[in-house]
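Here it is as structure tokens:
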């Protein structure tokens, strides 16, 4: 296994390069004039601005830097969880503030004894520039000289990071340690762009973007390559400086606008005001200050113009300061390492740094520091103080127990100074032995800040008694729907049933369809301990063979769950719909329902697959029935629901809805809980039946709350796809003969439907196209309507092709749905208040009133009464109702939306990581697994392939492989791989080459024949041949490819997959070509 990216070497090389250049300048005769210092890499102590104080504030989470309020925190939360948010001012949950303690694993008090690490000497080398002060950053952002953005690291190459700046059509590349300036994945940073002359050429699929970028596979940093690059640059020097260095220096000392407009032939030499050894941003003249209004927008416009003028270049920049530290700093998982093998780039560098401090140690425990190797490739290597370790770890180190290196540990970043090439981390606790599934699941949950603790006693105290029944008062205020045929449709294993469907046949043409959602807001009251804990968890997390609920099971699986045979409180939406799917009328309100049975998706699908008239009750009696209805009634109702759902889906498709369904991998487990096989789960029509009515309910509620509370509605939007990636997808389709119109979601859906028919005999290729089509899509997110009050065109949901959307139908597992329920309660309450006032006014004026009609559906009906909402009475009613149900104000709701988005992303990421873990375990069990794959991308360094057995994409790297000949024919996009025919491959350079076995599992046909002809009775010989030549239960030699191997896009090739790491390093899915050759 090759070493990972040499982050320290890269940083030190840039510093050494700068020092050498300065020494050359100092040796010049004085008559040459003062040299303009600076350069592409830039001096570590020449960047303007004072060091930001933000680096001391690394608590992470939602608290962060610059937040207007710090919410209370939860207790007994395993590992880490983001803090809670009160939705109504400061919030007052009684003893809640005492009940809940910090979710973080380490507090300031717990870290008080953690010593500073070795890189703190006043004379120590500085690897990074000081961060700008908060005041200077704010001023630079205001003037358009810097921009606020989220820092995202390339998982394949940590020396590359990207920042998305609102208003720019493409991301900004932040390349190299110096430019990244100690930013970590997820940080909110202030970025200054480089002059256009330094922008990078847009790279193809396999071309490194810059000289310091490392190999995408193994993240190596080559000192030799870097030296040669510097040598080439020195040829372009003028008076000892690069021709472009002057422009870059002017960029550092001037403003961004000056950098964009910089012309090397008219370089004005600028002076810099310095205070206390730190640079300051030059003061603008009074004329410029008067011109500051809108300057940031004008700067963005100029950048867009430059990007359009240079379509083959990507903007580059550097981090000036960290404005808000990422919560990722608090959830680091990795392995401790004491020493790297000599010769490895970064290992050698770390050992040299450590040996200076640890030269007199007699045991591992005597060392000042050890090193932490994060399992997340986006994190840099870290340094840990031995004195800060737990006593048990110290004892093991004292005894020379090197098995500590095989333990997964949880840690957090506590500092990263300018004098250290690595951040300083603090180990919180040991997760367990690497390579074990339970240990890695705990690590995944910790990394994603997912709460695994039991619910607190204070939360449980908010729950109703086990013998709870619906109070009599609720029957007086709610609509009684218990006599209507109602049932649930869920997975057979589901226990938290939060939605039900009902059907009434009004006539041959009209049906009354009801969606009934568990009334969770009745039990989870605002600013209670239960509400606080629900906010912290935000969502239920469903991983394989495990569920982490948002609400206690006593509530989510009992009192709130719409289990059959008992009365339940619900929030209901009832439509009168014709058989074409057109809505005639709508009623929304609180209700009481009675579910007659729990149906599974499989059972409903069986009923759909058989003619409804032939579905006899005896064949479908796996679910118990309650109440007055019989199976024939359920079958008849399902027929109506199914037909109407098809009409609704057809209408959505005509309106432009887009559906991209990727294959879902399902694992099969043995009796011990270990995965032994996998298959794909096909989406059933029964799932679509339920989905259509849930979508309709969410859309209906979004319309109501956005109109009743236009400034504080909790909605969900889906932005349009990334235009550049969408164009790449169009080009891919055009290249392979597929017509694609991506002008809208509807046209894209129509094009994909036509392609699907064309590829009915090649479903794998269509799955690949769907995978490609998914890449330009952006993530859907929650938002507060008030935050986008002047940008209603940004409220839309692209894939659903609707202007308004929210989440209402899953309050048992999503906290946003609870907020929406409360907002809908407020709208209903305001409607009742206004109706009563209007009725009284109507009586007083003897029938002359401009109020809404007597039905009282002015806010929740199909036709929203805007005049009523804007009237004095309407505004008063809405305000009073919002206060009663504690609907969050815009400022707080925006914070809640941001937090819920983070938790939603963390949940999805954890689910994906656990699926990868079980795939790794399956491959480790099988040792080698062979599958067909299709080539997605080709280049001189690696290929991307789609493994159809698992519906995953992987890369196979073939550069710098001893004994392998690589011919990349760019004009025809053809790759030819062959092996040297000579017995021994002669290495011509001291570079470390990988072997052919790292790229391909090569079988020798002659050895296979010998094994087949070997009739010796020794079992060990047969076992040896079988183990060596035949993968476990996989295709034989007839399924292998042969050298020379000629590949083009979409070529089919056999590949061998295997498990990598896990025991003492990051786990991954390895992939090699599956080849056969006599020259093995």
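Numbering (this note's numbering), first residue to last: 28 to 1107. Where is the CB? At the ideal position from N, CA and C, for every residue including glycine. Small disclaimer: the values here were computed from a predicted structure and weren't measured.
Range covered by the alpha helix (DSSP H) that runs through residue 355 = The residue labelled residue 355 in the question sits at position 328 within the chain shown. Element bounds for residue 355: n/a, residue is neither H nor E.
Whole-angstrom Cβ separation of residue 1074 and residue 965, contact assumed at under 8 Å?
-> For the purposes of this step, residue 1074 is identified with residue 1047 of the chain shown, where counting begins at 1. For the purposes of this step, residue 965 is identified with residue 938 of the chain shown, where counting begins at 1. Going by Cβ atoms, the distance from residue 1074 to residue 965 rounds to 6 Å, so yes, they are a contact pair.
Among 601, 938 and 585, which one has its Cα closest to the Cα of residue 594?
-> As a position in the chain shown, residue 594 is number 567, starting the count at 1. With distances taken between Cα atoms, residue 594 lies closest to 585.
Exposure label - residue 1108; buried when at least 16 CB within 10 Å = A question about residue 1108 goes unanswered here, because the residues of the chain that appear run from 28 up to 1107.
When DSSP builds the beta bridges, which residues end up paired with residue 344?
-> Position 317 of the chain shown holds residue 344. The partner list for residue 344 (beta bridge, DSSP) reads 220.
Cut-off 6 Å between Cβ atoms - residues of its own chain near residue 1046, not counting five sequence neighbours on either side = Taking the chain shown and counting its residues from 1, one reaches residue 1046 at position 1019. Note that residue 1046 scores a pLDDT of 41, beneath 50, so its modelled location is shaky; the value from the coordinates is reported in the next line. Answer for residue 1046: no residue qualifies.
With DSSP as the reference, label residue 742 as helix, strand or coil.
-> Residue mapping note: residue 742 aligns to position 715 of the chain shown, counting from 1. Reduced to three states, the DSSP call for residue 742 is strand.
Which value, in whole angstroms, describes the spacing of the CA atoms of residue 840 and residue 1085?
-> Here residue 840 corresponds to residue number 813 of the chain shown, with the count starting at 1. Here residue 1085 corresponds to residue number 1058 of the chain shown, with the count starting at 1. Spanning the two alpha carbons is a distance of roughly 36 Å.
Kindly list the residues whose CB is nearer than 6 Å to the CB of residue 924, restricted to its own chain and excluding five residues on each side of it in sequence; keep chain order.
-> As a position in the chain shown, residue 924 is number 897, starting the count at 1. Taken in chain order, the residues that qualify are 809, 810 and 811.
For residue 587, count neighbouring C-beta atoms within 10 Å of its own C-beta (all shown protein chains included) and say buried if the count is 16 or more, exposed if not.
-> Taking the first residue of the chain shown as position 1, residue 587 is located at position 560. Buried, because 16 or more other Cβ atoms sit within 10 Å of the Cβ of residue 587.
Does the Cβ of residue 780 have 16 or more other Cβ atoms within 10 Å, making it buried, or fewer, making it exposed?
-> Taking the chain shown and counting its residues from 1, the one referred to as residue 780 is at position 753. Flag for residue 780 reads exposed.
Three or more C-beta pairs closer than 8 Å, one from the region 731-744 and one from the region 844-855: is that the case here?
-> yes
Taking C-alpha atoms, which residue in 735, 625, 347 and 672 lies nearest to residue 896?
-> Indexing the chain shown from 1 puts residue 896 at position 869. Ranking the options by Cα distance to residue 896, first place goes to 735.
Identify the continuous beta strand (DSSP E) that holds residue 396 and give its terminal residues.
-> The sequence position of residue 396 within the chain shown is 369, counting from 1. Here the beta strand (DSSP E) through residue 396 covers 396-401.
Return the first residue and the last residue of the beta strand (DSSP E) that residue 678 is part of.
-> The residue given as residue 678 occupies position 651 in the chain shown. Note, residue 678: premise wrong, no beta strand (DSSP E); alpha helix (DSSP H) at 658-681.
Hey, residue 611 and residue 604 are a contact pair by Cβ (cut 8 Å); roughly how many whole angstroms apart?
-> Indexing the chain shown from 1 puts residue 611 at position 584. Indexing the chain shown from 1 puts residue 604 at position 577. With 8 Å as the limit, residue 611 and residue 604 qualify as a contact, their Cβ atoms being about 7 Å apart.
Return the chain-ordered list of same chain residues with a C-beta closer than 6 Å to the C-beta of residue 450, the five sequence neighbours on each side being excluded.
-> On the chain shown, position 423 is the one that residue 450 refers to. These residues qualify, in order along the chain: 409, 440 and 443.
Give me the Cβ distance between residue 420 and residue 361, rounded to the nearest whole Å; I'm assuming they're in contact under 8 Å.
-> As a position in the chain shown, residue 420 is number 393, starting the count at 1. As a position in the chain shown, residue 361 is number 334, starting the count at 1. Incorrect: roughly 14 Å between the Cβ atoms, too far for contact.
Candidates 469, 433, 196 and 452: closest to residue 337 by CA position = One-based indexing of the chain shown puts residue 337 at position 310. When each option's Cα is compared against that of residue 337, the closest is 196.
Roughly how many whole angstroms lie between the Cα atoms of residue 430 and residue 205?
-> The sequence position of residue 430 within the chain shown is 403, counting from 1. The sequence position of residue 205 within the chain shown is 178, counting from 1. So the alpha carbons of these two residues sit roughly 35 Å apart.
Measure how close the beta-carbons of residue 446 and residue 153 come, nearest whole angstrom, since I'm counting them as under 8 Å.
-> Working through the chain shown from its first residue, we reach residue 446 at position 419. Working through the chain shown from its first residue, we reach residue 153 at position 126. About 6 Å separates the two Cβ atoms, so the contact holds.
Which ranges does the beta strand (DSSP E) cover as unbroken runs of at least 3 residues, wholly within the region 792-835, from first to last along the chain?
-> 808-811
On the DSSP bridge assignment, give the partners of residue 995 in chain order.
-> The residue you call residue 995 lines up with position 968 of the chain shown. Looking at the DSSP assignment, residue 995 forms a beta bridge with 1002.
Bridge partner(s) assigned by DSSP for residue 597 = Locating residue 597 in the chain shown gives position 570, counting from the first residue. BP columns for residue 597 point to 545 and 618.
Quick one: measure Cβ to Cβ for residue 515 and residue 675, integer angstroms, because I've assumed they're closer than 8 Å.
-> The residue you call residue 515 lines up with position 488 of the chain shown. The residue you call residue 675 lines up with position 648 of the chain shown. Their Cβ separation, rounded to whole angstroms, is 19 Å, which puts residue 515 and residue 675 out of contact at 8 Å.
Tell me, to the nearest whole angstrom, how far the beta carbon of residue 661 is from that of residue 596; I am working on the premise that it is less than 8 Å.
-> Residue 661 sits at position 634 when you count from the first residue of the chain shown. Residue 596 sits at position 569 when you count from the first residue of the chain shown. Residue 661 to residue 596, Cβ: 23 Å. No contact.
Identify the continuous alpha helix (DSSP H) that holds residue 333 and give its terminal residues.
-> The residue you call residue 333 lines up with position 306 of the chain shown. Element bounds for residue 333: 322-336.
For residue 78, does the three-state DSSP call read helix, strand or coil?
-> As a working mapping, residue 78 is identified with position 51 in the chain shown. Legend: pLDDT at residue 78 = 34, less than 50; position of this residue unreliable, value from coordinates given subsequently. Coil at residue 78, not helix or strand.
Indicate whether the contact test is met: 3 or more Cβ pairs, each with one atom in the region 573-580 and one in the region 475-495, closer than 8 Å.
-> yes
Thinking C-alpha only, which one of 1068, 792 and 1022 is nearest residue 765?
-> Along the chain shown, read from residue 1 onward, the residue named residue 765 stands at position 738. Ranking 1068, 792 and 1022 by Cα distance to residue 765 puts 792 first.
Can you tell me which of 559, 917, 980 and 663 puts its alpha carbon nearest to the alpha carbon of residue 483?
-> Along the chain shown, read from residue 1 onward, the residue named residue 483 stands at position 456. It is 559.
When the Cα of residue 898 is compared with those of 862, 663 and 212, which residue comes out closest?
-> Within the chain shown, the letter at position 871 stands for residue 898. The candidate whose alpha carbon is nearest that of residue 898 is 862.
Give me the Cβ distance between residue 621 and residue 509, rounded to the nearest whole Å; I'm assuming they're in contact under 8 Å.
-> By one-based count along the chain shown, residue 621 stands at place 594. By one-based count along the chain shown, residue 509 stands at place 482. Contact flag correct, Cβ pair sits at about 4 Å.
Runs of beta strand (DSSP E) lying entirely within the region 171-195, each at least 3 residues, in chain order | 174-181 and 184-191
Could you give the DSSP three-state label for residue 761: helix, strand or coil?
-> Looking up residue 761 in the chain shown gives position 734. Three-state DSSP puts residue 761 in a helix.
Determine the contact status of residue 796 and residue 760, defining contact as a CB-CB distance below 9 Å.
-> In the chain shown, the residue the question calls residue 796 occupies position 769. In the chain shown, the residue the question calls residue 760 occupies position 733. Yes; because the gap between Cβ atoms is below 9 Å, this pair is in contact.
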